[in-house]
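Novice: Below is one structure. I have some questions about it.
Numbering (full-length UniProt numbering), first residue to last: 1 to 524.
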């Protein structure tokens with residue numbers, strides 16, 4: 001015998017209450033489409049459009065049919081805490097909400113719930129969108145954001161992606177129809193969302209270093225960069241100027257947020273001032289604001305930020321003064337400035353910054369930088385420094401600062417200078433694998449000086465033998481084949497034969513190794 005709605009509701013009260021609360025947070029009373037969805041769901045409950053439930057006590061799966069234009073089937077899997085509907089809508093639909101409301105009515109008043117939900121409505125989004133102005137766009141963003149992101153508790157990182165996507169989808173419904181306005185709308189709203197999120201994160205002391213948060217920030221920055229690239233290539237309408245002014249104000253305020261997501265905020269700021277806001281008047285006005293500001297209340301040093309304006313406004317003496325304040329704490333910011341300078345072909349200015357950064361790189365890369373970022377960052381440095389003129393000592397200082405995180409870059413440097421013995425020593429100091437050696441230029445070393453590579457082959461073969469498994473012995477034999485080829489090129493085949501015989505004698509008790517050597521015909 002199937003349970004009634006009342007019995008099912010009381011058996012799974014926690015899940016039902018949690019789901020209704022989740023739906024309530026997703027549905028915005030000021031959005032016409034959300035208000036319509038709630039109205040139609042309530043209509044289904046009040047007009048008995050929900051057929052009697054089919055519930056399995058064993059699987060605890062509830063299946064309900066909702067009579068609509070086309071009958072929809074809603075399935076709730078209570079053990080897995082999932083709910084789905086057969087209708088075409090991918091996200092929350094009126095049928096799912098109707099079932100949750102039907103179950104919720106046994107422990108709350110639906111009329112009271114509806115009244116409380118509607119009371120949160122302020123200015124309808126549709127009316128704000130009908131009159132286009134920066135103030136109305138900002139009010140639209142605030143209306144959605146203040147409803148979705150609130151409270152004294154930090155946001156759960158794993159819910160962040162879905163929450164922001166829901167916010168963006170509500171805002172996108174009111175995007176202008178004219179193509180020339182659409183990208184500007186996207187950019188305006190992305191900046192508004194970013195600012196609101198960061199302010200909430202600082203207020204609630206959220207962990208902005210969490211990988212889910214970092215993923216969200218990286219995606220947001222990519223979206224903003226695409227919008228900036230598009231807008232920088234199109235002619236601006238006179239009517240859009242107030243909107244760019246509003247964006248500029250928000251970007252400035254994001255820079256001066258107290259703390260957190262420093263790299264994101266600085267990159268965001270630089271994207272605008274190196275690609276979009278390139279009018280001399282805007283540049284001078286922003287620099288004047290920066291010079292009047294105090295950086296004691298933010299974790300971004302203003303000398304770093306002002307450097308980009310000194311470059312764009314051709315003020316070399318002021319740039320040199322700003323660069324003098326470089327330290328291990330702000331060197332990454334200056335590196336970003338140099339990167340943007342090179343993109344704009346300000347090679348001399350970038351050279352000043354990059355040379356000044358050299359003494360700070362070793363400590364920053366090997367101690368201050370998060371381990372997960374070190375290898376990628378050294379590749380970035382290698383690319384940047386390859387575009388400026390360095391002396392031999394400066395190049396050596398650069399690659400020495402990378403340590404194990406810049407082996408590939410240092411290898412290329414040693415190859416360029418034909419320092420093959422040091423190349424071999426480097427890869428003995430930081431062992432890796434033969435495929436990685438090939439990536440770092442082993443074939444070039446063998447081609448130029450095959451005898452130089454012989455100690456390296458020996459080193460990696462011995463590493464395999466120490467693992468004492470047949471699979472490792474087979475890998476050692478593969479290395480010896482390459483060593484034999486190099487010995488032949490060097491005219492030292494007799495040396496290689498004596499070497500293998502010595503290995504056989506030294507490891508005569510390792511039967512599996514002896515078998516692999518004999519099968520390989522290394523001595524023929």
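We treat Cβ as the ideally placed atom computed from N, Cα and C, and that holds for glycine.
On a predicted model such as this, the values are computed, not experimentally measured, just so you know.
Enumerate in chain order the residues of its own chain whose CB-to-CB distance from residue 486 is below 8 Å, with the five nearest sequence positions on each side excluded.
Specialist: Along the chain shown, one-based indexing puts residue 486 at 486. Correct list, in chain order: 446, 450, 451, 453, 454, 457.
Novice: Whole-angstrom Cβ separation of residue 202 and residue 260, contact assumed at under 8 Å?
Specialist: Here residue 202 refers to the residue found at position 202 when the chain shown is read from its first residue. Here residue 260 refers to the residue found at position 260 when the chain shown is read from its first residue. Yes, they are in contact, since the Cβ atoms of residue 202 and residue 260 sit about 6 Å apart, within 8 Å.
Novice: For residue 69, which three-state DSSP category applies?
Specialist: Walking along the chain shown from the start, residue 69 turns up at place 69. Three-state result, residue 69: coil.
Novice: Output the residue ranges of the alpha helix (DSSP H) runs that lie fully inside the segment 4 to 76 and measure 4 residues or longer, sorted by chain position.
Specialist: Complete alpha helix (DSSP H) runs here, min 4: 5 to 11, 13 to 26, 32 to 46.
Novice: Could you please give the first and the last residue of the uninterrupted beta strand (DSSP E) stretch that includes residue 83?
Specialist: Counted from its first residue, the chain shown places residue 83 at position 83. First-last of the beta strand (DSSP E) with residue 83: 82 to 85.
Novice: On the premise that residue 360 lies in contact with residue 326, defined as a C-beta separation below 8 Å, what is that separation, rounded to the nearest angstrom?
Specialist: Here residue 326 refers to the residue found at position 326 when the chain shown is read from its first residue. Here residue 360 refers to the residue found at position 360 when the chain shown is read from its first residue. At roughly 7 Å, the Cβ-Cβ gap stays under 8 Å, so residue 326 and residue 360 are in contact.
Novice: State the start and end residues of the unbroken alpha helix (DSSP H) segment that holds residue 256.
Specialist: Position 256 of the chain shown, counted from the start, is the residue given in the question as residue 256. Residue 256 -> no alpha helix (DSSP H), and no H or E assigned at all.
Novice: Keeping to the same chain, check which residues put their C-beta closer than 8 Å to that of residue 444; ignore five residues upstream and five downstream.
Specialist: Taking the first residue of the chain shown as position 1, residue 444 is located at position 444. Only 415 meet the Cβ criterion.
Novice: Ignoring anything shorter than 4 residues or poking outside the segment 115 to 146, list the alpha helix (DSSP H) runs there in chain order.
Specialist: Those alpha helix (DSSP H) runs which fall completely within the segment 115 to 146 and span 4+ residues are 125 to 130.
Novice: Near residue 403, what residues of its chain come up, given a Cβ to Cβ distance below 6 Å and the 5 sequence neighbours on each side ignored?
Specialist: As a first step, residue 403 must be located in the chain shown, where it is residue number 403. Excluding sequence neighbours, residue 403 sits near 366.
Novice: Excluding the five sequence neighbours on either side, which residues of its own chain have a C-beta within less than 7 Å of the C-beta of residue 433, listed in chain order?
Specialist: As a first step, residue 433 must be located in the chain shown, where it is residue number 433. Taken in chain order, the list of residues that qualify is empty.
Novice: How many angstroms separate the CA atom of residue 10 from the CA atom of residue 70?
Specialist: In the chain shown, counting from the first residue as 1, residue 10 sits at position 10. In the chain shown, counting from the first residue as 1, residue 70 sits at position 70. Going from the Cα of residue 10 to the Cα of residue 70 covers about 29 Å.
Novice: Expressed to the nearest angstrom, what Euclidean distance is found between the alpha-carbon atoms of residue 291 and residue 196?
Specialist: Walking along the chain shown from the start, residue 291 turns up at place 291. Walking along the chain shown from the start, residue 196 turns up at place 196. Distance between the alpha carbons of residue 291 and residue 196 is about 26 Å.
Novice: To the nearest angstrom, report how far apart residue 216 and residue 193 are at their CA atoms.
Specialist: The sequence position of residue 216 within the chain shown is 216, counting from 1. The sequence position of residue 193 within the chain shown is 193, counting from 1. For residue 216 and residue 193, the distance between alpha carbons rounds to 12 Å.
Novice: How should residue 506 be labelled, buried or exposed, when 16 other C-beta atoms within 10 angstroms of its C-beta is the threshold for buried?
Specialist: Residue numbering aside, residue 506 sits at position 506 when the chain shown is read from its first letter. Answer is exposed; the Cβ neighbour count stays below 16.
Novice: Are residue 124 and residue 213 closer than 7 Å when you measure CB to CB?
Specialist: Residue 124 sits at position 124 when you count from the first residue of the chain shown. Residue 213 sits at position 213 when you count from the first residue of the chain shown. For residue 124 and residue 213, no; Cβs fall outside 7 Å.
Novice: For residue 515, which of helix, strand or coil comes out of DSSP?
Specialist: Indexing the chain shown from 1 puts residue 515 at position 515. In this structure, residue 515 counts as helix in the three-state DSSP scheme.
Novice: Across the segment 143 to 155 and the segment 14 to 33, are there enough close Cβ pairs to call them in contact, namely three or more that are closer than 8 Å?
Specialist: The segment 143 to 155 vs the segment 14 to 33: in contact.
Novice: Does residue 204 come out as helix, strand or coil in the three-state DSSP assignment?
Specialist: Taking the first residue of the chain shown as 1, we reach residue 204 at position 204. Coil, per DSSP.
Novice: Buried or exposed, going by whether 16 or more other CB atoms sit within 10 Å of the CB of residue 407?
Specialist: The residue labelled residue 407 in the question sits at position 407 within the chain shown. With 16 or more other Cβ atoms within 10 Å, it is buried.
Novice: Using DSSP with H/G/I as helix, E/B as strand and the rest coil, what is residue 421?
Specialist: Counting from 1 along the chain shown, the entry for residue 421 is found at position 421. Reduced to three states, the DSSP call for residue 421 is helix.
Novice: Our contact map puts residue 307 next to residue 335 with C-beta atoms below 8 Å; I'd like the distance itself, whole angstroms only.
Specialist: Position 307 of the chain shown, counted from the start, is the residue given in the question as residue 307. Position 335 of the chain shown, counted from the start, is the residue given in the question as residue 335. About 11 Å separates the two Cβ atoms, so there is no contact after all.
Novice: Residue 154 and residue 72 - do their beta-carbons sit closer together than 7 Å?
Specialist: Your numbering for residue 72 matches position 72 in the chain shown. Your numbering for residue 154 matches position 154 in the chain shown. Not a contact, by the Cβ cut-off of 7 Å.
Novice: According to the Cβ coordinates, are residue 288 and residue 303 closer than 7 Å?
Specialist: For the purposes of this step, residue 288 is taken as residue 288 along the chain shown, with counting starting at 1. For the purposes of this step, residue 303 is taken as residue 303 along the chain shown, with counting starting at 1. No, the Cβ-Cβ distance between residue 288 and residue 303 is not below 7 Å.
Novice: Which residues in the same chain as residue 246 place their Cβ atom closer than 6 Å to its Cβ, once the five residues preceding and following it in sequence are excluded?
Specialist: Within the chain shown, numbered from 1, the residue matching residue 246 stands at position 246. So the qualifying residues of the chain are 134.
Novice: Can you give me the start and stop residues for the alpha helix (DSSP H) that residue 435 sits inside?
Specialist: Locating residue 435 in the chain shown gives position 435, where the first residue counts as 1. That run of the alpha helix (DSSP H) goes 434 to 439.
Novice: Going by the beta-carbon positions, is the gap between residue 98 and residue 63 smaller than 7 Å?
Specialist: Locating residue 98 in the chain shown gives position 98, where the first residue counts as 1. Locating residue 63 in the chain shown gives position 63, where the first residue counts as 1. The answer is no: Cβ separation not under 7 Å.
Novice: I'd like to know whether the C-beta atoms of residue 501 and residue 477 end up nearer to each other than 7 Å.
Specialist: As a working note, residue 501 is residue 501 in the chain shown. As a working note, residue 477 is residue 477 in the chain shown. For residue 501 and residue 477, no; Cβs fall outside 7 Å.
Novice: Are there 16 or more other CB atoms within 10 angstroms of the CB of residue 94, so buried, or fewer, so exposed?
Specialist: Stepping through the chain shown from its first residue, residue 94 is reached at position 94. Under this definition residue 94 is a buried residue.
Novice: Can you check whether the CB of residue 137 is closer than 7 Å to the CB of residue 188?
Specialist: Here residue 188 refers to the residue found at position 188 when the chain shown is read from its first residue. Here residue 137 refers to the residue found at position 137 when the chain shown is read from its first residue. Cβ atoms of residue 188 and residue 137: closer than 7 Å.
Novice: For the ligand ATP, any of its heavy atoms closer than 6 Å to the Cβ of residue 94?
Specialist: Because no ligand of any kind appears in the structure shown, any question about the ligand ATP cannot be addressed here.
Novice: What three-state label does DSSP hand residue 294 in the structure shown?
Specialist: One-based indexing of the chain shown puts residue 294 at position 294. Three-state result, residue 294: coil.
Novice: According to DSSP, is residue 1 part of a helix, a strand, or is it coil?
Specialist: Counting from one through the chain shown, the residue named residue 1 turns up at place 1. Note that residue 1 scores a pLDDT of 47, beneath 50, so its modelled location is shaky and nothing firm can be said.
Novice: I'd like the list of long-range same chain contacts for residue 352, defined as Cβ closer than 7 Å, with 5 residues on each side in sequence excluded.
Specialist: By one-based count along the chain shown, residue 352 stands at place 352. The residues are 319, 320, 323.
Novice: Which residues bound the alpha helix (DSSP H) around residue 530?
Specialist: Residue 530 is absent from the model: the chain starts at 1 and stops at 524.
Novice: Going along the chain, which residues of its own chain have a beta-carbon closer than 7 Å to the beta-carbon of residue 571, five neighbours each way excluded?
Specialist: In the structure as shown, the chain starts at 1 and stops at 524, and residue 571 therefore has no counterpart that could be examined.
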